[in-house]
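J.: Shown below is the structure under consideration.
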Amino acid sequence: WISVRQSELKMGLSSSLAPVASALLFLCCFTARNAAAASGDGGGGLRLNFYSESCPRAEQIVKEQVRRLYEEHGNTAVSWLRALFHDCTVKSCDASLLLETDAATGLVSEQASPRSFGMRNFKYVGAIKSALERECPGTVSCADLLALAARDGAAMLGGPSPIPMRTGRRDATASQYGEVERYVPNHNDTVSAVLSRFAAMGLGAEAVVALLGAHSVGRVHCSNLVARLYPAVDGGFEPAYGAYLRGRCPTADAREDTRDVAYARNDRATPMVLDNMYHKNLLKGRGLLLVDQRLASDPRTAPFVKKMAADNGYFGETFAAALVRMSENGPLTGGQGEVRKDCRFVNAK
9 WISVRQSELK
19 MGLSSSLAPV
29 ASALLFLCCF
39 TARNAAAASG
49 DGGGGLRLNF
59 YSESCPRAEQ
69 IVKEQVRRLY
79 EEHGNTAVSW
89 LRALFHDCTV
99 KSCDASLLLE
109 TDAATGLVSE
119 QASPRSFGMR
129 NFKYVGAIKS
139 ALERECPGTV
149 SCADLLALAA
159 RDGAAMLGGP
169 SPIPMRTGRR
179 DATASQYGEV
189 ERYVPNHNDT
199 VSAVLSRFAA
209 MGLGAEAVVA
219 LLGAHSVGRV
229 HCSNLVARLY
239 PAVDGGFEPA
249 YGAYLRGRCP
259 TADAREDTRD
269 VAYARNDRAT
279 PMVLDNMYHK
289 NLLKGRGLLL
299 VDQRLASDPR
309 TAPFVKKMAA
319 DNGYFGETFA
329 AALVRMSENG
339 PLTGGQGEVR
349 KDCRFVNAK
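Offset between the sequence shown (1-based) and my numbering: plus 8.
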């Protein structure tokens, strides 16, 4: 409607034609939106049930494997969420993160970047991929595997479910190692820097506050915390919580442990549940990472922190929508890229 009114002023449409133009534009847009919704087409070649004909059980296989791995190694569910974030943040959701360093070709893995410190469980991606390859060889991409595993991992952790994840991504044939530092936010970044990075993916402040709620699960290595604990505890910490963290995190001269090994749980109350405890903790001064705690005081994000802390259902809905949007950041589709047989390596020519 706003577009039509602006056109009227610029083009001098008569008052009798303006309502007709407005109605036609509304009908056109409404029809297009509903057609896209009916087909599940998210644009860019992604759609719901992409493998319904080529590999009907693809999504079920991923879910079965995610569940099995969760029951055997509970922390894998957290790993899938972080892996999708790191993969999609660096230019494209294309599984470039999964490529291993290959001295013969000069490829350096994104996993080797300092920004990837603490990431783990990549070896279990192979288990999921092997199950898919047995069912449908060379069909399901590693990029879609990551997206589906993150969705199912969130559900295993008590997060929102079901999440309508579109598929049809293809795999990159090169690493983006040189770009990781520029694209993946750091633990002590400003809110402005983080909002800018997410805005490039089409995500606003509300979505950022929801996605960082994934810090409700998992843990943080002390190497990312000591600057807030020594030589003095950051005034942003609740005093008792700061004292607790000092007990968890050794100083740089610790003899038996190092800051790279020791860690603290993101959430001591429900450490393996994807819920709004993260946002409640921020309001109490218990945000582990500096960038987390800053969300509670920045006027652009603070209202969403408070709203999510008060309403877990709202957090879940917002998180689900943001996860889907992030998973559709610049995917390779159609004839782009390839479908890797082994997620660790580019296919042999």
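Glycine residues also receive a C-beta, built at the ideal position from the N, C-alpha and C atoms. Computed from a predicted structure; not experimentally measured.
#1: Counting only the same chain and skipping the five closest in sequence on each side, list residues whose C-beta sits under 6 Å from that of Ser149.
#2: Does Tyr185 get closer than 8 Å to chain D when you measure Cβ to Cβ?
#3: Measure the alpha-carbon distance for Phe93 versus Ala213 and round it to whole angstroms.
#4: Is it buried or exposed, Ala158, if we count other Cβ atoms within 10 angstroms and call 16 or more buried?
#5: By Cβ distance, which residues of its chain are closer than 8 Å to Leu54, with the 5 residues on each side in sequence left out?
#6: From Thr278 to Ala155, what distance separates their C-alpha atoms?
#7: What are the boundary residues of the alpha helix (DSSP H) that includes Ala240?
#8: Should Gly161 go down as buried or exposed, given a rule of 16 or more other Cβ atoms within 10 Å for buried?
#9: How should Phe34 be labelled, buried or exposed, when 16 other C-beta atoms within 10 angstroms of its C-beta is the threshold for buried?
#10: In three-state DSSP terms, what is Ala201?
#11: Rounded to whole angstroms, how far is the Cβ of His223 from the Cβ of Asn284, which I believe are closer than 8 Å?
#12: Classify Val313 as helix, strand or coil using the three-state DSSP reduction.
#13: Taking Ala162 as part of the alpha helix (DSSP H), name the residues at either end of that continuous run.
#14: Using only CA atoms, which one of Val70, Gly134, Lys99, Ala182 lies nearest to Thr109?
#15: Do Lys292 and Glu246 come within 8 Å of each other at the CB atom, strictly closer than that value?
#16: Once the 5 residues before and after Val202 are set aside, which same chain residues still bring their CB inside 7 Å of it?
#17: My guess is that Gly134 and Cys351 are in contact by the Cβ rule of under 8 Å, so how many angstroms apart are they, rounded?
#18: At the level of alpha carbons, what is the spacing between Gly167 and Tyr286?
#19: Can you grab the Cα-Cα spacing for the pair Gly221 / Leu282, in whole Å?
#20: Between the stretch 79-88 and the stretch 119-137, do three or more beta carbon pairs fall short of 8 Å?
#21: May I ask you to report which of helix, strand or coil DSSP gives Arg55?
#22: At which residues does the alpha helix (DSSP H) containing Arg254 begin and terminate?
#23: With burial defined as no fewer than 16 other Cβ atoms inside 10 Å of the residue's Cβ, what is the status of Glu67: buried or exposed?
#24: Consult DSSP for Asp300 and reduce its assignment to one of helix, strand or coil.
#25: Below 8 Å between beta carbons: does that hold for Ile136 and Val225?
#26: Go through its chain and collect everything with a Cβ distance to Trp88's Cβ below 6 Å, but skip five positions before and after it.
#27: Are there any heavy atoms of the ligand MN lying less than 7 Å away from the beta-carbon of Thr84, as far as the coordinates show?
#28: In angstroms, rounded to a whole number, what distance separates the CA positions of Cys230 and Val116?
#29: Looking only at its own chain, which residues have a Cβ that is under 8 Å from the Cβ of Ala248, when we skip the five neighbours before and after it?
#30: Between the alpha carbons of Tyr252 and Leu290, how many angstroms are there, rounded?
T.: According to the structure data:
#1: Contacts found: Arg177, Arg178, Asp179, Val347.
#2: Any reference to chain D falls outside this structure, which holds one protein chain only.
#3: If you take the alpha carbons of Phe93 and Ala213, they lie about 16 Å apart.
#4: Residue burial annotation: Ala158 is buried, with at least 16 other C-beta atoms found within 10 angstroms of its C-beta.
#5: Cβ within range, chain order: Arg174, Thr175, Gly176, Arg177, Glu336, Pro339, Thr341.
#6: The straight-line gap from Cα to Cα measures roughly 24 Å.
#7: Neither: Ala240 is in no alpha helix (DSSP H) and is coded neither H nor E.
#8: Flag for Gly161 reads buried.
#9: Low confidence applies here, because Phe34 scores a pLDDT of 37, under 50, leaving its location unreliable and the question unanswered by this model.
#10: Here Ala201 sits in helix by DSSP.
#11: Contact flag wrong, Cβ pair sits at about 12 Å.
#12: Helix at Val313.
#13: From DSSP, the alpha helix (DSSP H) with Ala162 extends over 150-164.
#14: Comparing Cα-Cα distances from Thr109 to each of Val70, Gly134, Lys99, Ala182, the minimum goes to Ala182.
#15: At a Cβ-Cβ threshold of 8 Å, Glu246 and Lys292 count as neighbours.
#16: Within the same chain, Val202 has close Cβ partners Pro193, Val216, Val299.
#17: So it is a contact: roughly 7 Å between Cβ atoms.
#18: Distance between Gly167 and Tyr286, taken at the CA atoms: about 13 Å.
#19: In this structure, the straight-line span from the alpha carbon of Gly221 to that of Leu282 is close to 8 Å.
#20: With a cut-off of 8 Å, the stretch 119-137 and the stretch 79-88 count as touching, because enough Cβ pairs lie within range.
#21: Of the three classes helix, strand and coil, the one that applies to Arg55 here is strand, per DSSP.
#22: Boundaries of the alpha helix (DSSP H) around Arg254: 247-256.
#23: When all chains shown are included, Glu67 counts as buried.
#24: Correct three-state label for Asp300: helix.
#25: Result no, Cβ atoms of Ile136 and Val225 do not sit closer than 8 Å.
#26: Cβ neighbours of Trp88 beyond the five flanking positions: Ala157, Ala158, Gly161.
#27: Questions concerning the ligand MN fall outside what the structure shown contains, since it holds no ligand whatsoever.
#28: A direct Cα-Cα distance of roughly 26 Å separates Cys230 from Val116.
#29: None.
#30: Approximately 16 Å between the Cα atoms of the pair.
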